[in-house]
Amino acid sequence: CTHFAKGSIAPMIKAIVWFLETGGKQALITNPENIGRALRGETGTWIVP
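Set out below in structure tokens:
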């Protein structure tokens, strides 16, 4: 995660990498207001290894 500046999304990316490396199947990046839309595939970013 050295590609992201301190205070950016680096902590979120590190958490996603850890989650996927420890058995998670996929991860979704979105904000709470858009979770419904993101789960329908209308917004957000899915990380799938």
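For what it's worth, this note's numbering labels the leading residue of the sequence shown as 1, then goes sequentially. A virtual CB, placed ideally from N, CA and C, is assigned to each residue, including glycine.
Status (buried if at least 16 other CB within 10 Å, exposed otherwise) for residue i
i, result
"residue 16", "buried"
C-beta atoms of residue i and residue j nearer than 9 Å
i, j, result
"residue 26", "residue 49", "yes"
"residue 29", "residue 44", "yes"
Cα-Cα separation between residue i and residue j, rounded to whole angstroms
i, j, result
"residue 35", "residue 47", "15 Å"
"residue 33", "residue 9", "18 Å"
"residue 18", "residue 39", "21 Å"
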